[in-house]
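Okay, structure first, notes after.
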Amino acid sequence: MEDRIKEALKEIVGADNYTEQLIDMVSYSYDASEHHHRPTCGVWATTVEQISRILEMANRERIPVIPRGAGTGLSGMAVPARGGIVLDLNHMNRILQISIEDRLAIVQPGVVYADLERALAQHGFFFPPDPASGKVATLGGNVATNAGGVKGAKYGTTRDYVLGLQVVLPDGRVMRTGSHAMKSVSGYDLTRLFVGSEGTLGVVTEIILKINPKPTATSTSMATFDNLEDAGRAVSQIMHSGIIPSVLEILGRDTIRAINQNTDLNLPEVDAMLLAETDGYTQAETEYQMSKIMDIFRDNHPQQVQQAQSEAEAASLWKARKSAYAVLARIKTHFVLEDVTVPIGNVAALLKGVEEIAARHEIQIATFGHAGDGNLHPQILYDGYDPAEVKKMEAATADLFRLAIDLKGTLTGEHGIGLAKAPYMTLEHDAAAMEAMRNIKKLFDPNNILNPGKMALEG
Amino acid sequence: MRDKYDFEIKYRDQILKCSRCGFCQAVCPVYGSTLRPACNARGKMLILKEVMDGHIDLNDELIDTLFQCTTCANCYQNCPSGVNVPEIIKQVRKDMVHIGSCHPAFTGMNEVLQAHDNIYAEDEPEDFERERNKQARYVYFIGCVGGYREDESTLATLDLLDRLSVDYTLIDEVCCSGVLEDVGFQINPRLVQLNIERILTTGAEAVITGCPYCFRTFNNKEQYAPLKEKGVSIIHISQFLKNVAMDVTTDLRVTYHDPCDLGRHCGIYEEPRGTIRKIAPNFVEMRHHHADALCCGAGGGVRGAFAKNSIAMARRRLEEAEEIEADVVLTECNSCVHNLSNAKLRKQKFKVCTTTAFINELMDER
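Respectively, the protein sequence lines represent chains W and G.
Residues 106 to 564 (this note's numbering) make up the first sequence, in order.
Residues 341 to 706 (this note's numbering) make up the second sequence, in order.
This is the structure we're talking about:
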């Protein structure tokens, strides 16, 4: 990058908010995936005007710009695959407005999910899509990824809550989409186009979010099944029952075994464990819903069914699910955490298929995830310094994606395509759909400066 | 091919287990005050991974992150992969010093302790108007910050011990020098020897430390093992006070700041709270407390080397005291008192002091 461009960046954001120091460049090379590539420089932007000027210049000079939140993504989405300028948005971290009567909150992209949650809790409200990384992930990142969370079954994902955006386009123009209103069918839905666009179309600088009153009561239960099919049938029957659990999670056999080998939780080593939570505004309401769910558990040959009688007991039931990620993260030096998603009726088939893939490639894959919305997290564990294991991981990943598509599902339910799944885009999307996406990219970003190399948009 | 650094030999597997999830970013005090991801635990582990992979080498360019860690251990507490970042950082700093790369403030600290007996290079210690090196049941070990920077706090603690008729003595103490291990150097044998001799000469059955860091050093560093071998136990003042009846109370709204060295590093959370609840029924926790407590920003050599950021970390902690409208912020560490007091804004009307100093003040008022 030429010195005059570096000087121009310093002039825009101030010398203190510009970096090309080695430690920052290493840090900005990574996200939570196995992908990495160095940028040329980084800037800590604080205003829309600065971002507009940066993009206008980068567009003119054909320099890649990679918007970045907390960098907790699992698909390489924030990795500067072609170098360029990392646009760190964490300094734009103000909650601009909370309007309870309008049921909305307006935030800057660098606001951390947990900070919004805390601010809303004071009003008895919440923003439901709660990614596991919510303590650290930023809302700008959540919008770029269309992040989900454990409550997806009942409450949907980020996309269902974004009413409007302020976006800086690659040529520097500032665009507003959507409105402050609960409903709008005015023109094309540009808001939804930008949610989940992975920073490839524009830089989100302001987000209008719909918020919900926070349910005050919950009930929690757990069931274990010797046969995966029984657990799968239980999930399907819950969907038929008319009850929508606020959380319905599943742990597969390999995950349970790994937890037992690494903790003192002593879980029964069964094919599957289901954990359910119902929520509402009175205990009677949540208990009624939970009783229906537990009846279904009992009808499907469980080894054990247990309902929490207190908050402490609920926490202890959740311990297994909550420890899964940490336990699996410690087993090998590397892992890939996938998020394939299938129709809810195919969850058992997906779990079975993952076990077969693991056996076929002789690699450890532990699965857990959100049975309530069909989104599972097969975690492939391997040694990244062993080329043979890397090969197995890659082969297993490819099989896993084919399996998800065969089961009428999708490559990714909540982590996004980024770099990791870009080679598989055509597996899911036909030629016409790919062409439409590539044309949309060209429309907004004809010079391909925004987060280039992601989502197979250049094919 | 270069020789492996000690940090690789000892911690390679742990460093590689960092899954880059970024959960440390939510709790890292350095990140919290700088919003610079290169400085949180993930940023540091990535640097070390790249060193191990041969992409970069240890050098001065890395000082801003590898020497900017308060070793508060909040990252370790929250790491799903169990990466013990503070221990790794301490080892890397030693490797850095070995190749001649070090923050000048840290080099200075080591040089000071070669030539002097305390980290402030002050050769005339405060005598606190008390006889030293007596025969007594307890030695009260003040620590450098309490002895040379927060002497009023120390004087109040000593007054309290007198009021409680505790049979103690001060000694001609020297720096425990444990901090040198944190900043890339080795504990200083000369200073260790002086402390051990002077403690043992008193015939004391226990050393009561005012400083949580000295407490950790005496308890955990093998160089101080002779103390325990001679039957001398090491207790922190908060442990000593937990069973002592206090016949004073206050209506003020009191909160407690957990020092990292006492809390996350030693698991001592309840003894101070037990004492405070006895004297302050109107006790209230800050947003982050116990194992989640925010660091005051002083530890790991950061106060000396990165003063501006250290104060910014203390300000974040004080905002939490303001949030709960506390009248008094108590803590059990003079280093925390020192940094928090320095960072306190004029509009923040609450008082910051040690529990012992506060109890003594209540007794004065009675």
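Every residue gets a Cβ at the ideal spot worked out from N, C-alpha and C, and that includes glycine.
Computed from a predicted model, the values in this text were never measured in an experiment.
Contact set between residue i and chain W, taken where Cβ atoms lie within less than 8 angstroms
i	result
Gly422(G)	Ala431, Arg435
Lys357(G)	Ala434, Arg435, Thr438
Asp404(G)	Gln126, Ile128
Glu390(G)	Val131
Gly383(G)	Ile128, Val131, Ser132
Option nearest residue i by Cα separation, candidates the options
i	options	result
Leu308(W)	Gly245(W), Thr321(W), Lys315(W)	Note on identity: in this sequence residue 308(W) is Val, with Leu being the wrong assignment. Nearest C-alpha to Val308(W): Gly245(W).
Tyr386(W)	Phe230(W), Ala219(W), Gln213(W)	Phe230(W)
Gly487(G)	Leu680(G), Cys673(G), Leu685(G)	Cys673(G)
Pro552(G)	Lys561(G), Asp601(G), Gln579(G), Ala565(G)	Asp601(G)
Ile539(G)	Ala565(G), Leu520(G), Asp522(G)	Ala565(G)
Asn405(W)	Asp488(W), Gly181(W), Met378(W)	Met378(W)
Lys687(G)	Ala666(G), Gly614(G), Asp704(G), Ala546(G)	Ala666(G)
Asp121(W)	Leu375(G), Phe481(G), Ala366(G)	Leu375(G)
Ser326(W)	Val300(W), Thr502(W), Glu416(W)	Glu416(W)
Val367(G)	Ile651(G), Asn679(G), His629(G)	His629(G)
Thr250(W)	Ala258(W), Ala224(W), Leu306(W)	Leu306(W)
Ser359(G)	Arg223(W), Leu179(W), Arg173(W), His534(W)	Leu179(W)
Tyr609(G)	Ile577(G), Gly640(G), Ile699(G)	Ile577(G)
Glu228(W)	Asp220(W), Thr446(W), Lys319(W)	Looking at the sequence provided, one finds His at residue 228(W) rather than Glu. The candidate whose alpha carbon is nearest that of His228(W) is Lys319(W).
Leu534(G)	Met449(G), Leu453(G), Ser505(G)	Leu453(G)
Gln354(G)	Ala537(W), His439(W), Pro483(W), Val375(W)	His439(W)
Leu270(W)	Glu311(W), Ser291(W), Leu422(W)	Glu311(W)
Glu464(G)	Ser441(G), Arg489(G), Asp522(G)	Arg489(G)
Arg167(W)	Ile554(W), Pro492(W), Ala258(W)	Ile554(W)
Ser625(G)	Lys684(G), Val532(G), Val588(G), Val594(G)	What sits at residue 625(G) in the sequence shown is Glu, not Ser. For the residues Lys684(G), Val532(G), Val588(G), Val594(G), the minimum Cα distance to Glu625(G) belongs to Val594(G).
Residue i at chain W interface by Cβ criterion, 8 angstroms
i	result
Lys474(G)	no
Cys412(G)	no
Pro369(G)	no
Leu375(G)	yes
Glu401(G)	yes
Ala378(G)	yes
Ile396(G)	yes
Ala366(G)	yes
Proximity test, Cβ basis, 8 angstroms: residue i and chain G
i	result
Asn122(W)	no
Ala226(W)	no
Leu195(W)	Checking the sequence shown, residue 195(W) turns out to be Asn, not Leu. So, interface residue.
Presumed contact (8 angstroms Cβ cut-off) between residue i and residue j, rounded CB distance
i	j	result
Cys364(G)	Ala381(G)	4 angstroms
Ile428(G)	Phe347(G)	6 angstroms
Ser238(W)	Ala525(W)	In fact, because the Cβ distance is near 16 angstroms, the residues do not count as touching under 8 angstroms.
Gly176(W)	Tyr135(W)	7 angstroms
Val547(G)	Ile527(G)	In fact, because the Cβ distance is near 17 angstroms, the residues do not count as touching under 8 angstroms.
Ile536(G)	Leu567(G)	6 angstroms
Leu516(W)	Val459(W)	Rounded, the Cβ-Cβ distance is 14 angstroms, inconsistent with contact.
Pro100(W)	Arg187(W)	Summary: the structure shown does not reach residue 100(W), with chain W confined to residues 106 through 564, and so no result is reported for it.
Leu127(W)	Glu701(G)	Their Cβ separation, rounded to whole angstroms, is 50 angstroms, which puts Leu127(W) and Glu701(G) out of contact at 8 angstroms.
Ile403(G)	Ser441(G)	7 angstroms
Chain-ordered chain W contacts of residue i [CB-CB under 7 angstroms]
i	result
Pro444(G)	Going along chain W, no residue has its Cβ under 7 angstroms from Pro444(G), so there is no contact; the nearest lies around 18 angstroms.
Leu386(G)	Val131, Ser132, Tyr135
Chain W contact residues for residue i, given Cβ-Cβ distances below 9 angstroms
i	result
Phe363(G)	Thr177, Ser238, Lys240, Val241
Ile439(G)	Residues of chain W passing the Cβ test: none, with the nearest at roughly 16 angstroms.
Ile536(G)	Within 9 angstroms Cβ-Cβ: nothing; Ile536(G) doesn't reach chain W, min ~39 angstroms.
Under 9 angstroms by beta carbon: chain G residues contacting residue i
i	result
Asp136(W)	Arg360, Gly362
### Message
Could you check whether the stretch 258 to 265 of chain W touches the stretch 213 to 230 of chain W, counting it as contact only if at least three pairs of C-beta atoms, one from each stretch, sit closer than 8 angstroms?
### Response
no
#### Entry: Three CB pairs or more closer than 8 angstroms across the stretch 644 to 663 of chain G and the stretch 450 to 457 of chain G
Not touching, per the Cβ criterion.
### Task
Specify whether the stretch 611 to 621 of chain G and the stretch 573 to 590 of chain G touch according to this definition: at least 3 beta carbon pairs, one from each stretch, less than 8 angstroms apart.
yes
### Three CB pairs or more closer than 8 angstroms across the stretch 465 to 477 of chain W and the stretch 353 to 360 of chain W
yes
### Message
Contact between the stretch 276 to 284 of chain W and the stretch 331 to 348 of chain W is defined here as three or more beta-carbon pairs at a separation below 8 angstroms; is this criterion met?
### Response
no
### Message
Would you call the stretch 386 to 395 of chain W in contact with the stretch 495 to 510 of chain W, where contact means no fewer than 3 C-beta pairs closer than 8 angstroms?
### Response
Not touching, per the Cβ criterion.
### Query
Are the stretch 363 to 371 of chain W and the stretch 286 to 300 of chain W touching by the rule of at least three beta carbon pairs closer than 8 angstroms?
no
### Query
Do the stretch 678 to 687 of chain G and the stretch 635 to 645 of chain G touch if we need at least three Cβ pairs shorter than 8 angstroms?
Yes, they touch.
### Query
Should the stretch 108 to 120 of chain W be regarded as contacting the stretch 155 to 172 of chain W, the criterion being three or more beta carbon pairs within less than 8 angstroms?
yes
### Message
Tell me whether the stretch 441 to 452 of chain G and the stretch 477 to 484 of chain G touch, counting them as touching only if at least three CB pairs, one residue from each stretch, are closer than 8 angstroms.
### Response
no
### Query
Can we say the stretch 462 to 476 of chain G touches the stretch 495 to 512 of chain G, given the rule of at least three CB pairs closer than 8 angstroms?
yes
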